[in-house]
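Here is the structure we will look at.
In this note's numbering, the protein residues as written are 106 to 623.
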């Protein structure tokens with residue numbers, strides 16, 4: 106696919122000819138456009154991120170360049186370049202009634218974004234739709250996710266969840282990159298309309314995430330009258346000594362008091378105090394004094410940094426102002442955010458994409474791909490301490506059976522079985538792994554289920570051939586390698602990309618409200 110990048114043209118007119126010591130990914134792609142080896146190792150994809158929150162809905166389209174990194178027995182692809190091709194304006198999330206989001210209106214917003222970006226759904230390779238904050242609590246959140254996913258392209262599926270959004274926001278805001286570049290421990294505080302997501306990051310890794318019931322749009326007002334009031338907003342009003350009721354009156358001092366109570370609650374909870382009922386997840390108390398810095402993102406983050414000063418008839422301006430005052434008063438280090446209000450939607454387009462390795466067994470790819478929402482089951486087992494030693498097929502089979510039972514997986518359920526591998530890829534060891542897999546999946550194979558295997562090492566082609574040709578595993582069989590997955594992940598598998606022969610994989614955790622899917 107050829108896509109124009111008007112905002113990223115490089116004009117090298119310095120009045121003399123010179124050679125580049127380093128070429129960026131786009132220059133190299135142009136130079137090696139017809140080289141099959143280059144095309145196999147460097148893959149360009151178009152990604153879409155859609156974020157549907159309590160207050161706002163955003164759409165972003167990104168161009169990703171993934172490059173193969175060959176290490177040991179792996180050939181993982183990592184994102185080496187990302188261009189944001191188009192960012193929509195921030196739309197107010199449309200509500201049809203007090204407790205329902207208008208799915209048709211959301212579809213119209215998505216169509217508008219595609220039109221303005223000059224793209225169509227069939228051009229999109231991967232991406233994610235995220236339902237966040239109070240949108241998770243809406244009566245039709247699951248239906249909305251499905252409707253929007255269908256309009257957003259073949260590979261895009263609805264995902265949601267406090268932990269996932271917190272992680273995506275930390276990537277999108279630049280907090281993860283900053284902690285990697287500077288070293289040290291940072292806290293990313295992503296405050297949206299209904300919830301506050303926390304991510305503790307250190308040296309480029311997300312250590313822990315959590316969420317609070319604090320947000321800028323738990324209360325909305327117009328001309329002194331309350332037009333929207335979430336249960337959590339009423340609770341904050343009680344704590345602030347301000348009586349709030351939908352349709353009732355509220356004055357400026359009352360709004361300020363509620364916002365300041367929210368700001369106090371955030372800092373108190375981070376210090377291990379405050380109202381524990383405000384936690385939406387397990388608590389994440391942190392030592393604020395020991396932090397090397399704070400990064401704010403989300404809609405309220407705009408106010409913390411003074412990038413936005415308008416009042417949109419909610420608590421956002423007052424909450425952001427109160428938080429900034431308390432951060433300054435406490436002498437905490439406030440670091441800049443690369444992206445604030447768009448942190449989640451941009452983080453989604455980068456963090457969730459992996460590509461399979463190039464040594465996959467994909468004879469049945471035409472009939473098995475694409476797939477949506479495959480639950481990942483990742484049994485734990487050991488291959489023995491000796492990297493050259495024998496592998497026990499019975500141990501592997503038992504681990505697989507036990508894990509399937511623990512997760513309540515029925516023989517008819519489609520799953521992705523995530524396997525780990527270490528040590529020498531000698532035939533006897535691989536044969537034992539294959540035998541363990543066949544025995545562990547025996548009930549599923551008898552039921553005629555397709556088999557989706559994902560491995561972290563590049564042994565997919567060999568393992569697939571042993572299963573099919575030597576052990577007689579018939580039915581659909583797809584073995585992907587070069588992937589790192591874990592329990593509670595869900596994956597979308599795209600169609601095989603040529604000439605690299607890879608499969609795009611979109612990874613997410615599905616949570617709607619307080620209930621985890623699966």
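Using N, Cα and C, we set each Cβ at its ideal position, and we do this for glycine too.
Check                                                                                                                                                                : Outcome
Grouping DSSP H, G and I as helix and E and B as strand, with all else coil, what is residue 269?                                                                    : helix
To the nearest angstrom, how far is the alpha carbon of residue 498 from that of residue 542?                                                                        : 8 Å
Would the beta-carbon of residue 70 fall within 8 Å of that of residue 535?                                                                                          : In this structure the chain extends from 106 to 623, so residue 70 is not present and cannot be described.
Leaving out the 5 sequence neighbours to the left and right, which residues in its chain are closer than 7 Å to residue 377 when beta-carbon positions are compared? : 390
Are the Cβ atoms of residue 298 and residue 331 separated by less than 8 Å?                                                                                          : no
Would DSSP call residue 609 helix, strand or coil?                                                                                                                   : strand
Using 10 angstroms around the beta-carbon of residue 454, count the other beta-carbons present and answer buried if the total reaches 16, otherwise exposed.         : Model confidence at residue 454 stands at a pLDDT of 48, short of 50, so the residue's coordinates are unreliable and nothing is read from them.
Can you list, in chain order, the residues of its chain whose CB lies under 7 Å from that of residue 364, leaving out five sequence neighbours each side?            : 420, 423, 424 and 427
Are the segment 465-483 and the segment 566-584 touching by the rule of at least three beta carbon pairs closer than 8 Å?                                            : yes
Go ahead and pull the three-state DSSP assignment for residue 311.                                                                                                   : strand
Roughly how many angstroms separate the alpha carbons of residue 559 and residue 483, rounded to a whole number?                                                     : 9 Å
Judging by CA-CA distance, which residue of 199, 549, 608 and 530 is the nearest neighbour of residue 162?                                                           : 199
Mind checking which residues open and close the beta strand (DSSP E) that includes residue 480?                                                                      : 476-482
Pick from 564, 578 and 539: whose alpha carbon is nearest that of residue 551?                                                                                       : 578
Residues in its own chain within less than 6 Å of residue 561 by CB, not counting five upstream and five downstream?                                                 : 525 and 589
Along the chain, which unbroken stretches of the beta strand (DSSP E) at least 3 residues long are found entirely within the segment 287-331?                        : 290-296, 301-307, 310-317 and 324-327
CB-CB under 6 Å to residue 249, same chain, minus the five flanking residues each way: which ones, in chain order?                                                   : 206 and 208
How many Å lie between residue 466 and residue 539 at the Cα?                                                                                                        : 13 Å
What are the start and end residues of the beta strand (DSSP E) that includes residue 150?                                                                           : 147-157
Helix, strand or coil for residue 603 per DSSP?                                                                                                                      : coil
Based on DSSP bridge pairs, tell me the residues matched to residue 189.                                                                                             : 167
Can you tell me whether residue 480 is buried or exposed, with buried defined as 16 or more other CB within 10 angstroms of its CB?                                  : buried
Under 6 Å Cβ to Cβ from residue 172, same chain only, skipping five residues before and after it: list those, please.                                                : 147 and 185
Under the three-state reduction of DSSP, which class applies to residue 589: helix, strand or coil?                                                                  : coil
Taking the alpha carbon of residue 271 as the reference point, which residue from 522, 506, 305 and 150 has its own alpha carbon closest?                            : 305
Please check the pair residue 400 and residue 278, which I expect to be a contact at CB under 8 Å, by giving their CB distance rounded to whole angstroms.           : 5 Å
Go through its chain and collect everything with a Cβ distance to residue 127's Cβ below 7 Å, but skip five positions before and after it.                           : With a pLDDT of only 41 at residue 127, under the threshold of 50, the placement of this residue in the model should not be trusted; the figure read from the coordinates follows. There are no such residues.
Does the Cβ-Cβ distance between residue 235 and residue 157 come in under 8 Å?                                                                                       : yes
Okay, do the segment 342-349 and the segment 360-375 touch, 3+ Cβ pairs below 8 Å being the bar?                                                                     : yes
Going by the CB atoms, is the gap between residue 388 and residue 315 shorter than 8 Å?                                                                              : yes
Applying the 10 Å Cβ sphere with the 16-neighbour rule, what's the burial state of residue 532?                                                                      : exposed
Check whether the Cβ atoms of residue 545 and residue 505 lie closer than 8 Å to each other.                                                                         : yes
Hey, quick one: how far does the beta strand (DSSP E) through residue 436 stretch, first residue to last?                                                            : No beta strand (DSSP E) contains residue 436, which DSSP labels as neither H nor E.
In terms of alpha-carbon separation, which member of 210, 168, 201 and 211 lies closest to residue 190?                                                              : 168
With DSSP as the reference, label residue 525 as helix, strand or coil.                                                                                              : coil
Determine the DSSP secondary structure at residue 597, reduced to helix, strand or coil.                                                                             : strand
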